[in-house]
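Trainee: Got a structure here, written out as structure tokens. Questions coming.
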Amino acid sequence: MDCENNYNTYDDDVEVNFTVGRRFLTGNGVEKDIKKAKEMLSKAAAMGHSLAKQLLDTIKDESAKPVVTDESENEIERMLAYNKRFVESRAYEHFSTSKYPDKKIAIVTCMDTRLVQLLPAALGIKNGDVKIIKNAGGTITNPFDSTIRSLLVAIYELGVNEVMIIGHTGCGVQGMDGKEMLHLMEERGIDDEHIKLMQHCGIDLESWLHGFDKTDVAILETVDLVKNHPLIPKDVVVRGYIMDSTTGELVTL
Ligand SMILES: [Zn+2]
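Structural data, given as structure tokens:
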């Protein structure tokens with residue numbers, strides 16, 4: 026279909042307005058034209074198309090790029106379609122378990138994509154075995170951050186009595202520069218005034234965003250922090266490890 030020439034023929038159809046409008050917005054199969062995209066998405070939005078309204082909100086001016094790209098949207102749509110099939114085929118029955126960890130272990134580790142399946146596979150963990158708490162780096166730098174809160178829930182509410190802190194080789198947080206991230210924020214349009222105001226209020230953004238120099242040292246510091254935390258019972262066992270991000274080999278620190 027030649028969208029450029031024929032789209033007016035279908036302008037009463039909400040889905041066509043949305044689909045073609047989105048194509049003009051992203052330049053998918055047609056020459057990118059924000060004005061036409063706005064016009065068609067506005068029609069679809071006026072007819073109650075909620076996604077069209079969301080897309081319109083991402084267009085601030087003629088030259089602005091949409092926050093939601095076609096690619097990411099398709100990826101999520103594919104996930105949603107898969108999810109539907111997953112539930113319909115009752116594939117969930119294989120994963121049935123309770124909220125209490127059978128092994129009474131909590132693992133604090135990194136959000137790194139290489140560990141998503143590798144870590145459970147390499148440790149023989151199945152659904153229901155452990156609590157896994159993830160963040161960037163798998164370390165804890167503040168005794169009252171959300172990771173410690175999660176550990177308290179795991180220990181007091183869910184029966185955990187052992188904690189494994191697992192770092193990994195080639196971690197992205199190693200060598201992360203707080204100053205560089207603040208620079209990236211400014212490039213993405215974060216107002217310098219907001220950053221200055223936070224700093225004025227005593228929030229040291231640069232050190233908050235700073236990574237660690239050595240993963241093993243950072244993991245051992247986290248072990249120390251958890252072990253000596255005033256709200257963690259002394260009989261809870263806390264140990265540190267490094268996982269090889271390729272082989273899954275676990276080394277005890
Ligand atoms: Zn990492």
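According to my numbering, the stretch in the sequence shown is residues 26 to 278, in order. We treat Cβ as the ideally placed atom computed from N, Cα and C, and that holds for glycine. Keep in mind that this is a model prediction, so the values were computed, not measured.
Pick from M210, Y181 and Y117: whose alpha carbon is nearest that of N152?
Mentor: Measuring from the Cα of N152, the nearest candidate turns out to be Y117.
Trainee: Closest to I191 by C-alpha separation, out of T134, I130, N253 and K60, would be which residue?
Mentor: Measuring from the Cα of I191, the nearest candidate turns out to be T134.
Trainee: Which residues in the same chain as G236 place their Cβ atom closer than 7 angstroms to its Cβ, once the five residues preceding and following it in sequence are excluded?
Mentor: Taken in chain order, the residues that qualify are G162, V198, Q199, G200 and M201.
Trainee: Let me know the alpha helix (DSSP H) ranges lying completely inside the stretch 120–176, each 4 residues or longer, listed in chain order.
Mentor: Counting whole runs of 4 or more residues, the stretch 120–176 contains the alpha helix (DSSP H) stretches 140–148.
Trainee: Under a CB-based cut-off of 7 angstroms, is D249 close to chain D?
Mentor: Among the chains in the structure shown there is no chain D, since it carries only a single protein chain.
Trainee: Is G52 near ligand 1, going by C-beta to nearest heavy atom under 6 angstroms?
Mentor: No, ligand 1 has no heavy atom inside 6 angstroms of this Cβ.
Trainee: Mapping the DSSP letters down to three states, classify S88 as helix, strand or coil.
Mentor: Caution is warranted here: a pLDDT of 49 is assigned to S88, below 50, making its placement in the model unreliable, and the coordinate value is therefore given only provisionally. Coil, per DSSP.
Trainee: Using a Cβ-Cβ cut-off of 6 angstroms (strictly less than) and excluding sequence neighbours within five positions of V155, which residues of its own chain qualify?
Mentor: So the list reads P126, K128, I130 and I132, once near-sequence residues are dropped.
Trainee: To the nearest angstrom, how far is the alpha carbon of T138 from that of I157?
Mentor: Looking at the two C-alpha atoms, the distance is approximately 14 angstroms.
Trainee: Heavy atom of ligand 1 less than 6 angstroms from the Cβ of G227, yes or no?
Mentor: No - ligand 1 has no heavy atom lying nearer than 6 angstroms to the Cβ of G227.
Trainee: Please return the same chain residues whose Cβ sits closer than 7 angstroms to the Cβ of E231, not counting the five positions on each side in sequence.
Mentor: Closer than 7 angstroms at the Cβ level, and outside the excluded window around E231, lie G203, K204 and L207.
Trainee: According to DSSP, G265 sits in a beta bridge with which residue or residues?
Mentor: Answer is I190, bridged to G265.
Trainee: With distance defined between alpha-carbon atoms, name the residue in V276, L278, T277 and M268 nearest to Q142.
Mentor: The residue with the shortest Cα to Cα distance from Q142 is M268.
Trainee: Assuming S114 and G195 form a contact by the criterion Cβ under 8 angstroms, report the distance between their Cβ atoms to the nearest whole angstrom.
Mentor: With 8 angstroms as the limit, S114 and G195 do not qualify as a contact, their Cβ atoms being about 37 angstroms apart.
Trainee: Mind checking which residues open and close the alpha helix (DSSP H) that includes T271?
Mentor: Counting along the chain, T271 falls outside any alpha helix (DSSP H), and DSSP gives it neither H nor E.
Trainee: Leaving out the 5 sequence neighbours to the left and right, which residues in its chain are closer than 7 angstroms to K78 when beta-carbon positions are compared?
Mentor: Taken in chain order, the residues that qualify are A70.
Trainee: Quick check: the Cα distance between V39 and L177, rounded to an integer number of angstroms?
Mentor: Between V39 and L177, the C-alpha separation is close to 50 angstroms.
Trainee: Less than 6 angstroms between the CB of D238 and some heavy atom of ligand 1, yes or no?
Mentor: D238: no, Cβ never under 6 angstroms from ligand 1.
Trainee: So, using beta-carbon positions, are L76 and G46 closer together than 7 angstroms?
Mentor: Cβ atoms of L76 and G46: not closer than 7 angstroms.
Trainee: Where do the N-terminal and C-terminal ends of the alpha helix (DSSP H) with G46 fall, by residue?
Mentor: Per DSSP, G46 belongs to the alpha helix (DSSP H) from V39 to T51.
Trainee: Express the C-alpha separation of Q224 and L148 in angstroms, rounding to a whole number.
Mentor: L148 and Q224: Cα-Cα distance of roughly 42 angstroms.
Trainee: Verify the contact flag: G273, CB atom, against every heavy atom of ligand 1, threshold strictly below 6 angstroms.
Mentor: Flag unset: Cβ of G273 not near ligand 1.
Trainee: Using the C-alpha atoms, what's the distance from S121 back to G73?
Mentor: About 39 angstroms.
Trainee: If I'm right that T277 touches R264 with Cβ under 8 angstroms, what's the distance once you round it to whole angstroms?
Mentor: The pair is a contact, with the Cβ atoms about 7 angstroms apart (cut-off 8 angstroms).
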